[in-house]
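Working notes, beginning with the structure itself.
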Amino acid sequence: MAGAAPHVMVLPFPAQGHVTPLMELSHRLVDHGLRVTFVCTEPIHKLVLDALRRNADDGEALDGIRLVSVPDGLADGDDRRDLCKFLDGLSRCIPGYVEQLIRETKVRWLVGDANMGLCFEVAKKLGVRVACVFPASAAGLGTLLRLPQLIEDGFFDDKGFPKRRGAFEIAPNMPPMYTSHMPWSIDGALEGQEVSFRLVSPDTQATSLAEIIVCNSFHDAETAAFELFPDIVPIGPLFADHEFRKPVGQFLPEDTGCLKWLDAHPDGSVVYVAFGSFTVLAHRAVACFVSHCGWNSTMEGVRNGVPILCWPYFVDQFANRSYICDIWRTGLAVTPGEDGVVTKEEVIAKLGLVIGDKRIAERAGMLRDAARKCLSEGGSSYENFKRFVDLLSE
Numbered sequence: 001m002a003g004a005a006p007h008v009m010v011l012p013f014p015a016q017g018h019v020t021p022l023m024e025l026s027h028r029l030v031d032h033g034l035r036v037t038f039v040c041t042e043p044i045h046k047l048v049l050d051a052l053r054r055n056a057d058d059g060e061a062l063d064g065i066r067l068v069s070v071p072d073g074l075a076d077g078d079d080r081r082d083l084c085k086f087l088d089g090l091s092r093c094i095p096g097y098v099e100q101l102i103r104e105t106k107v108r109w110l111v112g113d114a115n116m117g118l119c120f121e122v123a124k125k126l127g128v129r130v131a132c133v134f135p136a137s138a139a140g141l142g143t144l145l146r147l148p149q150l151i152e153d154g155f156f157d158d159k160g161f162p163k164r165r166g167a168f169e170i171a172p173n174m175p176p177m178y179t180s181h182m183p184w185s186i187d188g189a190l191e192g193q194e195v196s197f198r199l200v201s202p203d204t205q206a207t208s209l210a211e212i213i214v215c216n217s218f219h220d221a222e223t224a225a226f227e228l229f230p231d232i233v234p235i236g237p238l239f240a241d242h243e244f245r246k247p248v249g250q251f252l253p254e255d256t257g258c259l260k261w262l263d264a265h266p267d268g269s270v271v272y273v274a275f276g277s278f279t280v281l282a283h284r285a286v287a288c289f290v291s292h293c294g295w296n297s298t299m300e301g302v303r304n305g306v307p308i309l310c311w312p313y314f315v316d317q318f319a320n321r322s323y324i325c326d327i328w329r330t331g332l333a334v335t336p337g338e339d340g341v342v343t344k345e346e347v348i349a350k351l352g353l354v355i356g357d358k359r360i361a362e363r364a365g366m367l368r369d370a371a372r373k374c375l376s377e378g379g380s381s382y383e384n385f386k387r388f389v390d391l392l393s394e
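In UniProt numbering, the protein residues as written are 1 to 394.
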């Protein structure tokens, strides 16, 4: 129909850390006049809908976004925590169902998570244009794009296991990468790590099918990475809306009870220990964020100028720790003992250093201001997002 809003399909990888930024992106696209069909696997779709029903007003806030589901290839009794089984089901099942959805919805574009690159070829075959979204750092994607060279140079074998020990740099002022802590690394789970590598390796190469690659970062946070990889376009830090009212695909209902508790505390007096929560991190009472350093959490801390105590666990979290501690210097990291255990004494000591160092707080504030400038009218992320919307509207 003439004059109808451009219609795009948004396809996240089925995990909370991927659904959230792509839902935030979807809200922004709707705000700019596009219609979105948001595709989740059936188990994730159910979690999102259940959470929406518990948060009474959220359904109306999804205006312009249509939630649809596809099977994930597993039976009801299968263990979806089994990474091998989970990824095998996705690779067998998802492309066919996405092809069927594309035919039914007649979308112009597939806006796909880089980790769903297995569907990019399907879209291209049907004449649908592809935009790739990398929901983590540009440095992380850049490292994955260099993977064939890293294998050729003898850092890793063809299954992603390290052949050398230690750190290497893609470029100066990018976080050092450790061969034992790569974006596909899963400590102590060799089979899972091999499967994770099989996911990221071909998916990353599938980015070549995309007309544009955008990421949830901003220029001032990763200047060196964006100079080295100019085809990666920063449009972040992503957010759904300034008032935190729009749902972002949470798998569990929100519990806002802690906000009244925070209201009763003085400014800068509370240590927040959890995954990211923009509403909590924006609260004046929060002095420090103890974080696993997932990229979404990192960006939420950055946008609010909150110093971070880093406690990474796996995949890209170690590189994000390096950004926080070594490049931006907006936090510190806990150090495990020889037995691998982080003691309470270590946590207490590092918290004291983070909270007590005014220079850390000042640098966190400067990075927050840089993020806001990038998002403001005329800023680099603002202008990049406008160009992204214009492209999707063609």
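A virtual CB, placed ideally from N, CA and C, is assigned to each residue, including glycine.
Pull up the DSSP beta-bridge partners for W109, would you. Answer is V8, R129, bridged to W109.
Relative to the C-alpha of A371, which candidate in I212, T223, E152 has its C-alpha closest? The option with the nearest alpha carbon to A371 is T223.
Looking at C-beta atoms only, is the number of pairs between the region 13-22 and the region 98-116 that lie closer than 8 Å three or more? Taking a cut-off of 8 Å on C-beta distances, the region 13-22 touches the region 98-116, as three or more cross pairs fall below it.
What is the DSSP secondary structure of L150, counted as helix, strand or coil? Helix, per DSSP.
Three-state secondary structure assigned by DSSP to Y323: Under the three-state reduction of DSSP output, Y323 falls in the helix class.
State the beta-bridge partners of A333 as determined by DSSP. According to DSSP, which records beta bridges pairwise, A333 is partnered with C310.
I need the straight-line Cα distance from C132 to F388, nearest angstrom please. Taking the CA atoms as reference points, C132 sits about 11 Å from F388.
Taking the CB atoms as reference points, tell me whether V128 and R108 lie closer together than 9 Å. Taking 9 Å as the Cβ cut-off, V128 and R108 qualify as a contacting pair.
Thinking E42 and V70 are a contact (beta carbons under 8 Å), I'd like their distance in whole angstroms, please. About 7 Å separates the beta carbon of E42 from that of V70, a gap short enough to meet the 8 Å contact definition.
Coil, strand or helix - G59 by DSSP: Its pLDDT being 46, under 50, G59 is placed unreliably by the model, and nothing is read from it.
Leaving out the 5 sequence neighbours to the left and right, which residues in its chain are closer than 7 Å to A4 when beta-carbon positions are compared? Closer than 7 Å at the Cβ level, and outside the excluded window around A4, lies no residue.
Grab me the residues of A333's own chain with a C-beta within less than 7 Å of its C-beta, minus the 5 sequence neighbours each way, in chain order. The residues are C310, R321, C325.
In angstroms with no decimal places, state the Cα-to-Cα distance between G59 and P172. Below a pLDDT of 50, predicted positions are generally treated as unreliable, and G59, at 46, falls in that range; the measurement from the model is reported next regardless. CA-CA distance, G59 to P172, rounds to 46 Å.
Contact between the region 150-165 and the region 329-344 (3+ Cβ pairs under 8 Å): No, they do not touch.
Inter-residue Cα distance where the pair is H181 and T335: Take the alpha-carbon of H181 and the one of T335: they are about 15 Å apart.
Which complete alpha helix (DSSP H) runs does the region 64-124 hold, if anything under 4 residues is left out? Counting only runs of 4 or more, we get 83-105.
Beta-carbon gap between S196 and V19 smaller than 9 Å: V19 is positioned such that its CB atom lies no closer than 9 Å to that of S196.
Say whether the region 69-86 touches the region 26-45, bearing in mind that this needs 3 or more beta-carbon pairs closer than 8 Å, one atom from each stretch. With three or more CB-CB distances shorter than 8 Å, the region 69-86 counts as touching the region 26-45.
Report the option in L25, M9, F134 whose CA atom is closest to the CA atom of Q100. The candidate whose alpha carbon is nearest that of Q100 is M9.
Express the C-alpha separation of L367 and W328 in angstroms, rounding to a whole number. In this structure, the straight-line span from the alpha carbon of W328 to that of L367 is close to 8 Å.
Residues in the same chain with beta-carbon distance under 7 Å from N384, minus the five sequence neighbours each way, listed in chain order, please. The residues V233, P234, I235, in chain order, have a CB closer than 7 Å to that of N384 in the same chain once the five nearest residues on each side in sequence are set aside.
Could you name the residues of the same chain whose beta carbon sits closer than 6 Å to that of A225, not counting the 5 residues immediately before and after it, in chain order? The residues A138, A139, G142, M174, in chain order, have a CB closer than 6 Å to that of A225 in the same chain once the five nearest residues on each side in sequence are set aside.
D267 versus I213: straight-line alpha-carbon distance, rounded: If you draw a straight line from the Cα of D267 to the Cα of I213, it is about 39 Å long.
Contact under 9 Å by Cβ, L351 with V280: Not a contact, by the Cβ cut-off of 9 Å.
Please name the residue, chosen from A319, Y313, F275, that lies closest to A301 on a Cα-to-Cα basis. Looking at the sequence shown, residue 301 is not Ala but Gly. Ranking A319, Y313, F275 by Cα distance to G301 puts F275 first.
On the criterion of 16 or more Cβ atoms from any shown chain inside 10 Å, does E394 qualify as buried, or is it exposed? The residue in question, E394, is exposed, as its Cβ has fewer than 16 Cβ neighbours within 10 Å.
For I360, name the three-state secondary structure that DSSP assigns. Residue state, collapsed to three classes: helix.
With C-beta atoms as the reference, is P237 less than 9 Å away from S217? Taking the C-beta atoms as reference points, S217 is found nearer than 9 Å to P237.
Where does I348 fall in DSSP's three states? In this structure, I348 counts as helix in the three-state DSSP scheme.
DSSP three-state label for R164, please. It is coil, neither helix nor strand.
Under 9 Å between C-beta atoms, does F155 make it to chain D? No chain D is present in this structure, which holds just one protein chain.
By Cβ distance, which residues of its chain are closer than 8 Å to L252, with the 5 residues on each side in sequence left out? Non-local C-beta neighbours of L252 in its own chain, meaning closer than 8 Å and more than five positions away in sequence, comprise L47, A51, ordered along the chain.
Just mark S208 as buried or exposed, buried being the case when its beta carbon has 16 or more other beta carbons within 10 Å. By the 10 Å Cβ count, S208 comes out exposed.
Buried versus exposed, by CB contacts within 10 Å (16 or more), P230: If you draw a 10 Å sphere on the C-beta of P230, you find fewer than 16 other C-beta atoms in it, and that means exposed.
With burial defined as no fewer than 16 other Cβ atoms inside 10 Å of the residue's Cβ, what is the status of D263: buried or exposed? Looking at its Cβ environment, which holds fewer than 16 other Cβ atoms inside 10 Å, D263 is exposed.
Alpha helix (DSSP H) containing C258: first to last residue? Run containing C258: 257-263, per the alpha helix (DSSP H) assignment.
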